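Visitor:
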Amino acid sequence: MKLTDTLEKAFNEQITLEFEASLVYRQLAIELELKDLPGMAAWLRHQADEEIVHANKFIDHVADRDNHPCIGALKAPKVEGTSVLDVFRAAYAHEQKVSESIRELYRAAEQEGDLDSRPLLNWFLSEQIEEEATVSEIVGRVELINEDGPGLLRLDEELGARPTRSTEAT
-10 MKLTDTLEKA
0 FNEQITLEFE
10 ASLVYRQLAI
20 ELELKDLPGM
30 AAWLRHQADE
40 EIVHANKFID
50 HVADRDNHPC
60 IGALKAPKVE
70 GTSVLDVFRA
80 AYAHEQKVSE
90 SIRELYRAAE
100 QEGDLDSRPL
110 LNWFLSEQIE
120 EEATVSEIVG
130 RVELINEDGP
140 GLLRLDEELG
150 ARPTRSTEAT
């Protein structure tokens, strides 16, 4: 079943937001690379890659429904992170923005009576709970560390041990 024009537009806006999220995470990674925290930077780069996977899932869904996926204009991320805490708070705020956007997309699909989008959107709702919880936990840990050098280095090492994934949708 083809998406309505309204839903096609909404899904394309979500695709664009997922790519923007990737750019935000990549910029945040740059900020921590400049602070000589390669593990945290790598974790953020992996998050950037994961956002591309998310965009690809939406692209595939729109294409599979005989609609035209389209990436909108991407805005350069305005990320001002003067501390590790600022960087992860910015990541958390962006995850909250993405979560709300997905909830709005779900509401739009419900309003249009689009049952076929439910499985994808349910997956994303669950994924966003996990994403927010993970970044919130990191924010909490950084707050506990409070710019303590050894603590930051330990967290840097831990976050750098994250396994890598492909950017192709699975």
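Count the sequence shown with the numbering used here and you get residues -10 to 159, in order.
A virtual CB, placed ideally from N, CA and C, is assigned to each residue, including glycine.
Note that the structure is a prediction, hence the values are computed from the model and not measured.
Go through the segment 41 to 110 residue by residue and report every complete run of the alpha helix (DSSP H) that reaches 4 residues or more, in order.
Guide: Those alpha helix (DSSP H) runs which fall completely within the segment 41 to 110 and span 4+ residues are 73 to 101.
Visitor: If you follow the alpha helix (DSSP H) that L17 is in, where does it begin and where does it stop?
Guide: Locating residue 17 in the sequence shown gives position 28, counting from the first residue. Per DSSP, L17 belongs to the alpha helix (DSSP H) from D(-6) to E22.
Visitor: Identify whether C143 lies in helix, strand or coil by the three-state DSSP scheme.
Guide: For the purposes of this step, residue 143 is identified with residue 154 of the sequence shown, where counting begins at 1. Per the sequence shown, the amino acid found at residue 143 is Arg instead of Cys. Correct three-state label for R143: helix.
Visitor: Pick from R143, P108 and I91: whose alpha carbon is nearest that of I118?
Guide: As a position in the sequence shown, residue 118 is number 129, starting the count at 1. Closest by alpha carbon: I91.
Visitor: Measuring alpha carbon to alpha carbon, tell me which of L110, D75 and K86 ends up nearest I127.
Guide: To locate residue 127, count along the sequence shown from 1; it is residue 138. Among L110, D75 and K86, the Cα nearest to that of I127 is on D75.
Visitor: Put R151 into one of helix, strand or coil per three-state DSSP.
Guide: Locating residue 151 in the sequence shown gives position 162, where the first residue counts as 1. Residue state, collapsed to three classes: coil.
Visitor: Quick one: using the 10 Å Cβ neighbour count with 16 as the cut-off for buried, is L63 buried or exposed?
Guide: The sequence position of residue 63 within the sequence shown is 74, counting from 1. Label assigned to L63: exposed.
Visitor: In angstroms, rounded to a whole number, what distance separates the CA positions of A30 and N111?
Guide: The sequence position of residue 30 within the sequence shown is 41, counting from 1. The sequence position of residue 111 within the sequence shown is 122, counting from 1. Their backbone Cα atoms lie some 30 Å apart in a straight line.
Visitor: Please name the residue in E9, I60 and V73 whose C-alpha comes closest to that of E20.
Guide: Here residue 20 refers to the residue found at position 31 of the sequence shown. Nearest of E9, I60 and V73 to E20, Cα basis: V73.
Visitor: Within the chosen definition, does the segment -7 to 0 reach the segment 92 to 101 through at least 3 CB pairs nearer than 8 Å?
Guide: The segment -7 to 0 vs the segment 92 to 101: in contact.
Visitor: Taking 7 Å as the cut-off, is the beta-carbon of E9 closer than that to any non-hydrogen atom of the ligand COA?
Guide: Ligands in the displayed structure: none, and consequently the ligand COA is not present.
Visitor: Look at A65 and Y14 and say whether their C-beta atoms are less than 8 Å apart.
Guide: If you number the sequence shown from 1, residue 65 lands on position 76. If you number the sequence shown from 1, residue 14 lands on position 25. Their beta carbons are not under 8 Å apart, which means A65 does not touch Y14 by this criterion.
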